[in-house]
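Under the working numbering, the residues of the first sequence are numbered 32 to 618, in order. In this text, a Cβ means the ideal position worked out from N, Cα and C, and glycines have one as well. Remember, predicted model here, so these are calculated numbers, not experimental data. Notes for the one structure printed next.
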Amino acid sequence: MSSIRQYLSGIFGEAFEKAGLDKSFGAVVESQRPDLSQFQCNGAMAAAKVAKCNPRQTAEKVAETARELAPQLSIELAGPGFMNISVSDEFIAANANSSLSSTTLRLEMPTPQKIVIDFGGPNVAKPMHVGHLRSSIIGDSLQRLLRRLGHSVVTDNHIGDWGTQMGMLICKMREEQPSLPYFDEKYSGEYPKDAPCSIADLERMYPQASAHCKTDEVAMAEAVKATDELQKGRAGYIALWKHFVALSVETLKKDFDALGVRFDHWYGESHYTSAMRELTESLRRNGCAVESEGALVMHVAREDDKAPMPPVLLVKSGGGFLYATSDIATIDFRMKEFAPDRIIYVVDKRQSQHFEQVFRAVRIASIVKSETGLEHTGFGTVNGPDGKPFKTRAGGVMRLSDLITMVTDKARSRMTEAEIGSNLSDAEKEDIAVKVGMATLKFADLSNHRLSDYVFDLEKFSCFEGKTGPYLLYTAVRIKSIMRKAADAGFAEGPITGIGEPERKLLLILASLTDAINAAAENLAPNFLCDYAYSLAQEFNRFYNDCHIMREENVERRSSWLSIAKLSLLTMESALDILGISMPDRM
RNA sequence: GCGCUCAUAGCUCAGCUGGAUAGAGCAACGGAUUUCUAAUCCGUAGGUCGCAGGUUCGAAUCCUGCUGGGCGUACCA
Numbered sequence: 032m033s034s035i036r037q038y039l040s041g042i043f044g045e046a047f048e049k050a051g052l053d054k055s056f057g058a059v060v061e062s063q064r065p066d067l068s069q070f071q072c073n074g075a076m077a078a079a080k081v082a083k084c085n086p087r088q089t090a091e092k093v094a095e096t097a098r099e100l101a102p103q104l105s106i107e108l109a110g111p112g113f114m115n116i117s118v119s120d121e122f123i124a125a126n127a128n129s130s131l132s133s134t135t136l137r138l139e140m141p142t143p144q145k146i147v148i149d150f151g152g153p154n155v156a157k158p159m160h161v162g163h164l165r166s167s168i169i170g171d172s173l174q175r176l177l178r179r180l181g182h183s184v185v186t187d188n189h190i191g192d193w194g195t196q197m198g199m200l201i202c203k204m205r206e207e208q209p210s211l212p213y214f215d216e217k218y219s220g221e222y223p224k225d226a227p228c229s230i231a232d233l234e235r236m237y238p239q240a241s242a243h244c245k246t247d248e249v250a251m252a253e254a255v256k257a258t259d260e261l262q263k264g265r266a267g268y269i270a271l272w273k274h275f276v277a278l279s280v281e282t283l284k285k286d287f288d289a290l291g292v293r294f295d296h297w298y299g300e301s302h303y304t305s306a307m308r309e310l311t312e313s314l315r316r317n318g319c320a321v322e323s324e325g326a327l328v329m330h331v332a333r334e335d336d337k338a339p340m341p342p343v344l345l346v347k348s349g350g351g352f353l354y355a356t357s358d359i360a361t362i363d364f365r366m367k368e369f370a371p372d373r374i375i376y377v378v379d380k381r382q383s384q385h386f387e388q389v390f391r392a393v394r395i396a397s398i399v400k401s402e403t404g405l406e407h408t409g410f411g412t413v414n415g416p417d418g419k420p421f422k423t424r425a426g427g428v429m430r431l432s433d434l435i436t437m438v439t440d441k442a443r444s445r446m447t448e449a450e451i452g453s454n455l456s457d458a459e460k461e462d463i464a465v466k467v468g469m470a471t472l473k474f475a476d477l478s479n480h481r482l483s484d485y486v487f488d489l490e491k492f493s494c495f496e497g498k499t500g501p502y503l504l505y506t507a508v509r510i511k512s513i514m515r516k517a518a519d520a521g522f523a524e525g526p527i528t529g530i531g532e533p534e535r536k537l538l539l540i541l542a543s544l545t546d547a548i549n550a551a552a553e554n555l556a557p558n559f560l561c562d563y564a565y566s567l568a569q570e571f572n573r574f575y576n577d578c579h580i581m582r583e584e585n586v587e588r589r590s591s592w593l594s595i596a597k598l599s600l601l602t603m604e605s606a607l608d609i610l611g612i613s614m615p616d617r618m
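This is the structure:
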């Protein structure tokens, strides 16, 4: 089944078809004039334009057919051809009752696809920071969303464990501890099992090395050389590099656990080491790639390009591989391994040209079938209070782990302040603080459209009023509280009946979860679901004010309200789950 | 320079495959409520949707130009 809106669209689509017009004109949307109707269909005017007929007459004809198809509907015409549609309270009640008895809340499933989502992508030796927040949170939400719709989703954390930063670290290490065996080319024994440094050392060394290379050409050249040697398999470097990766991955897993984000795979860039070599050779042989200025490149420009499209660099003049090389090899691997219908990249929107190049390259090289979708689902930057992006490479940025601590602390202090949960155990209080903190962070991020930049303003996000994650959790927790109290009092849920003013709008919103999910999936934009969850919370709180369940003496009404509360909870839980937000039982 | 992108209430932002009176949150002001957790609800005020044209019965939404930000523009990722 589907939402009420989809049901109506079906009826109007059929009505348009019977009038000899395309059924897409039958699209029904929520009314923009709630004073006139609950839903509206504006297709008659668009259809009249195409078919060169009178819009008002078209609307009349379609409305008449729709009335025959669904006599229970109230359909009124207005203006040049607006069709205002409302459903009866009985219809709304029946719809809600059927949702309540459906495990999927009557979600409509599309044809399942195989979808690879590439997100996360932190780098070795660099702590995750707010910038990684977006890729991780948005990507995780998308994997939950697409899985919910029945798609077969494969997620891969493409960690940066193979780039120039590795060379920088090796050089830095050699500078600090030159006597280590990793740097001695003649060394032939076994390398130490224990890492020569800690993760803290790595995180200190990386920004230093990076800053040094930026200003010092000689240092940069050495780092590039070390990278090339690493990629060519120099044993000491490989051994050292393995320590770097192991240390980092351990820390990264903790961060992702804290975020509640999971991946099916952790194939890093290094996974493609031999593949890159074979791939570049094969591209050279088949003529897709050519030598240019000492490097191996692929020309991907087209005649109709508005701007010059630079070639894709596959192999540097010094022999090293690049970002694009690994991405192309990765696509090749994913096509063979997963045979996906779509590959979605949740990566900073500033990398759009890179992806355009890579996507063109893999199509030219026939690595990807033409029917396979390649999508760069970009997102905006997370900025500091000064409106500029948090810098990642220069060091001194706020870590994701610190950020989580701050948000959690804020939730904790707020609870103490409001004297909430004072009778709860410390463990439960801590669990609540963590959940509220994560809801704060995730909702703040996801409620912005992914493409827009936003300022990371901890004070604002930590504010517990308005359109925030905690507000949603609070609403849900209130419902849980009612359910508990009702159970204690022996009040049972019953059929949803006798709908009137206080319940109607809430039930209409409850019936449109599917629409929000579809909108989010079509646009790969979780903010649609955030808006939905927020409207639902607002509408529930209104209902909560107007309809006092525990005090209601009419059993039929009380049990109907209890069912509405339960459906509200299930729906909220469902929406928040897709956003990756989990709720406590009380707070 | 060229390309992409953005400009909506005092602030932060939704809305954009064209639809009837442009929506939220915060901030401001007024009210409800001694509760099923007030981390609530209701109401008021606040706008030439950057500017100028164009297409259309109809434009915040599509097109063109302009202004002003942001980003990108072959050997970083």
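Residues that DSSP places opposite residue i in a beta bridge
i: aspartate 187; result: Asp149, His296
i: glycine 373; result: Residue 373 is actually arginine in this sequence, not glycine. Answer is Ile146, Gly404, bridged to arginine 373.
i: leucine 2; result: No statement about residue 2 is possible, as the shown extent of the chain runs from 32 to 618 and does not include it.
i: valine 276; result: For valine 276, which the question treats as bridged, DSSP gives no partner whatsoever.
i: isoleucine 116; result: Phe70, Ile106
i: glutamate 61; result: Phe70
i: histidine 302; result: Answer by DSSP bridge pairing: none, since histidine 302 is not bridged.
i: tyrosine 485; result: Val413
i: asparagine 154; result: Gly191
i: phenylalanine 352; result: Val346
Top-ranked residue by Cα proximity to residue i, from the options
i: serine 279; options: Phe386, His182, Pro153, Ile398; result: Pro153
i: valine 321; options: Ser357, Ala396, Asp336, Ser493; result: Ala396
i: glutamine 174; options: Ser401, Asp562, Pro557, Ala596; result: Pro557
i: phenylalanine 113; options: Lys256, His330, Arg87; result: Arg87
i: valine 586; options: Pro526, Leu538, Glu61; result: Pro526
i: isoleucine 116; options: Ser40, Ile168, Met140; result: Ser40
i: proline 143; options: Pro371, Asp546, Met618, Gly51; result: Pro371
i: proline 227; options: Trp272, Lys217, Lys49, Thr408; result: Trp272
Local conformation of residue i per DSSP, three classes
i: arginine 582; result: coil
i: isoleucine 527; result: coil
i: tyrosine 563; result: helix
i: alanine 620; result: Outside the displayed span of the chain (32 to 618) sits residue 620, for which this structure offers no information.
i: glutamine 88; result: helix
i: lysine 263; result: coil
i: glutamate 624; result: Residue numbering for the chain in the displayed model covers 32 to 618; residue 624 lies beyond these limits and cannot be assessed.
i: histidine 385; result: helix
i: phenylalanine 287; result: helix
i: glycine 426; result: In this prediction, glycine 426 has a pLDDT of 44, which is less than 50 and means its spatial position is unreliable; what the coordinates show is noted afterwards. Here glycine 426 sits in coil by DSSP.
i: histidine 480; result: coil
i: valine 399; result: coil
i: asparagine 576; result: helix
i: phenylalanine 522; result: coil
i: glutamate 570; result: helix
i: leucine 610; result: coil
Host beta strand (DSSP E) of residue i (start-end)
i: arginine 137; result: Arginine 137 -> no beta strand (DSSP E), and no H or E assigned at all.
i: isoleucine 106; result: 105-109
i: glutamate 322; result: 320-323
N-terminal and C-terminal residue of the alpha helix (DSSP H) that residue i is part of
i: isoleucine 551; result: It is worth fixing the name first, because residue 551 is alanine in this sequence and not isoleucine. Element bounds for alanine 551: 544-554.
i: valine 378; result: First-last for valine 378: undefined, no H or E at that position.
i: histidine 163; result: 161-179
i: glutamate 496; result: Element bounds for glutamate 496: n/a, residue is neither H nor E.
i: threonine 447; result: 431-448
i: leucine 537; result: 532-541
i: alanine 242; result: 230-246
i: isoleucine 451; result: Counting along the chain, isoleucine 451 falls outside any alpha helix (DSSP H), and DSSP gives it neither H nor E.
Would the stretch 290-299 count as touching the stretch 179-187 if we require 3 or more Cβ pairs under 8 Å?
yes
Is it a yes or a no for the stretch 213-220 touching the stretch 267-275, going by three-plus beta-carbon pairs under 8 Å?
yes
Decide if the stretch 125-135 is in contact with the stretch 593-609; the criterion is three or more beta carbon pairs, one per stretch, under 8 Å apart.
yes
Count Cβ pairs between the stretch 373-393 and the stretch 140-149 that sit closer than 8 Å; are there 3 or more?
yes
Do the stretch 411-420 and the stretch 469-488 meet, that is, are 3 or more Cβ pairs less than 8 Å apart?
yes
Are at least three pairs of beta-carbons, each pair with one atom in the stretch 425-444 and one in the stretch 504-515, less than 8 Å apart?
no
Examine the Cβ distances between the stretch 514-526 and the stretch 573-584 and report whether three or more of them are shorter than 8 Å.
yes
Okay, do the stretch 441-453 and the stretch 461-468 touch, 3+ Cβ pairs below 8 Å being the bar?
yes
Taking three-plus beta-carbon pairs below 8 Å as touching, is the stretch 51-59 in contact with the stretch 70-78?
yes
Check whether the stretch 348-366 touches the stretch 119-128, counting contact only when three or more Cβ pairs, one atom from each stretch, lie closer than 8 Å.
no
Cβ contact check for the stretch 251-261 and the stretch 195-208: 3 or more pairs under 8 Å:
yes
Say whether the stretch 299-309 touches the stretch 191-198, bearing in mind that this needs 3 or more beta-carbon pairs closer than 8 Å, one atom from each stretch.
yes
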